Every structure is written in C-alpha cells, then in structure tokens.
Amino acid sequence: MADLSSESLWKLYALAKTPAIEDLEGRLVGRMLTVPGLENPSVARTLRGFAASGTFPWQGKTFDSHGDGTGEGINRVLGDRKNWFRFATFIGPSRAGDFDALHLNYDNPGNPTPIRAVKDELREVAPGLWLGLAYLRLPGGKFHMALFFGLSNHPDAQSGQAPSLGKRHSKGLLATVIGLPLLLAGAWWLLKQRK
2 MADLSSESLW KLYALAKTPA IEDLEGRLVG RMLTVPGLEN PSVARTLRGF AASGTFPWQG
62 KTFDSHGDGT GEGINRVLGD RKNWFRFATF IGPSRAGDFD ALHLNYDNPG NPTPIRAVKD
122 ELREVAPGLW LGLAYLRLPG GKFHMALFFG LSNHPDAQSG QAPSLGKRHS KGLLATVIGL
182 PLLLAGAWWL LKQRK
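Just so you know, we're using the working numbering here: the sequence shown kicks off at 2 and counts up by one.
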C-alpha cells in the first residue's frame with residue numbers, strides 16, 4: 002500500500018471489508034501512507050521517505066476489544082517508548098461511502114484538544130492488513146480526510162519488512178522530533194490555505 006496514490010487508496014478502501022472489533026487485537030505496526038492533495042511527485046516522495054524512516058515517531062496502535070462490540074486502544078510513538086492518544090473503538094457508518102468501518106474516536110478528556118478532533122476509521126484489505134483514514138474535525142463540525150495510514154499484524158511488520166506496508170528505512174533525525182499530530186496540524190493548515 003505504501004506506493005499507492007490517493008486515488009488508488011480510495012478505491013481500495015471502498016472495496017475493503019468492515020472488520021470485527023475483535024480482529025484488531027494487540028500491537029499492530031503502523032505506517033503513514035500519504036496525504037491527499039499532496040500528490041506533487043517530489044513532495045509525495047519526501048513524505049513517503051519520512052514515513053518509511055526507521056525513526057518516524059508513530060510506530061502503530063495497540064488495540065483491546067471489550068467483547069461487547071466496543072474496544073479501546075492507544076498510539077505507540079517514539080520507538081514504542083511512549084503510549085499517547087487513547088481512543089475508543091466501535092463499528093459505524095463510514096464517512097467515505099455507503100458502508101461501515103471500524104471507528105477510532107479520540108474525543109477522550111485525557112487527550113490534547115487538537116487530538117480530540119481526530120476521527121480515524123479502518124477497513125480490512127487483506128487478513129492482518131487494514132487501511133485507515135484519519136479525519137480532522139474542522140471549526141463548524143465539518144470533517145476533512147487528512148491522511149491514509151496502514152496497520153498490520155503480519156509477523157514481518159514488527160521488523161518493518163512487511164511487503165504490504167513497505168520497507169522501513171533507518172534515516173532522518175527530523176523524524177525523531179516531528180510526529181503524527183504535527184503532520185495532521187500541517188495538513189489542516191494546508192487545507193485552510195487552499196480556501
């Protein structure tokens with residue numbers, strides 16, 4: 002998925018299936034894939050290189066299903082040294098089409114205000130491989146799809162070698178100081194500039 006365009010990822014997401022909450026359990030390896038609207042080849046290449054960096058701050062998510070149609074989880078960042086940004090999980094209508102998705106709701110009092118505006122959703126593209134959409138709630142309540150990400154429980158994903166997510170590369174000091182929240186804030190800023 003790491004080399005697919007936004008257009009291809011949208012199509013893949015629509016064809017994917019709605020996972021059961023119990024399908025996402027434990028530590029999943031994550032990878033930011035692309036930001037819609039930033040398709041300029043040099044920008045896209047830089048962004049993909051940053052996401053593939055072995056020191057990219059966001060490492061994935063850890064899920065815990067409650068067995069009652071709900072669950073919870075947290076993001077793993079900074080080389081798994083930190084667990085930040087708790088979320089609740091549930092199945093509901095997708096913002097991307099006429100189908101359901103697994104939703105990750107960050108509107109948790111313990112999360113910083115900008116993170117509480119994030120709403121992720123996931124669909125399963127293959128066993129052990131999920132495609133995610135990260136939405137930002139804008140002033141006025143409208144949602145903007147900010148980026149695509151992938152999650153995998155494939156055994157090779159722990160080493161960054163899962164072919165479906167792409168290989169991780171060890172480079173980039175910048176990746177140690179910039180995280181997913183900053184990337185989301187940047188996407189929001191770009192959206193505001195386009196209006």
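Where is the CB? At the ideal position from N, CA and C, for every residue including glycine.
Just so it is clear, the structure is predicted and the values come from calculations on it, not from any experiment.
With 16 as the cutoff for other CB atoms within 10 Å, does residue i come out buried or exposed?
i    : result
E23  : exposed
H104 : buried
D121 : buried
S9   : exposed
T35  : buried
G151 : buried
G133 : buried
K12  : exposed
Who are residue i's beta bridge partners in DSSP?
i    : result
L1   : Given that the chain is displayed from residue 2 to residue 196, the structure contains no residue 1 and the question cannot be resolved.
E23  : BP columns for E23 are empty, so no partner.
R32  : G151
F64  : G27 and G74
I116 : DSSP output for I116 lists no bridge partner at all.
P94  : D101
Leaving out the 5 sequence neighbours to the left and right, which residues in its chain are closer than 7 Å to residue i when beta-carbon positions are compared?
i   : result
V78 : P58, W59, Q60, W85 and G180
Sorted by chain position, which residues of the same chain lie with C-beta nearer than 8 Å to residue i's C-beta, five sequence neighbours on each side aside?
i    : result
R87  : E73, G74, I75, Y107, N109, G111 and N112
F144 : R96, K120, Y136, L137 and R138
D101 : T19, I92, G93, P94 and S95
Examine chain C for any beta-carbon lying closer than 8 Å to the beta-carbon of residue i, and answer yes or no.
i   : result
L29 : Of the protein chains in this structure there is only one, and it is not chain C.
Kindly list the residues whose CB is nearer than 6 Å to the CB of residue i, restricted to its own chain and excluding five residues on each side of it in sequence; keep chain order.
i    : result
F149 : L10, L34 and T35
W131 : L123, E125 and L152
Next on the checklist: If contact is defined by three or more beta carbon pairs under 8 Å, each pair taking one atom from either stretch, is the region 27-35 in contact with the region 105-120?
Outcome noted: no
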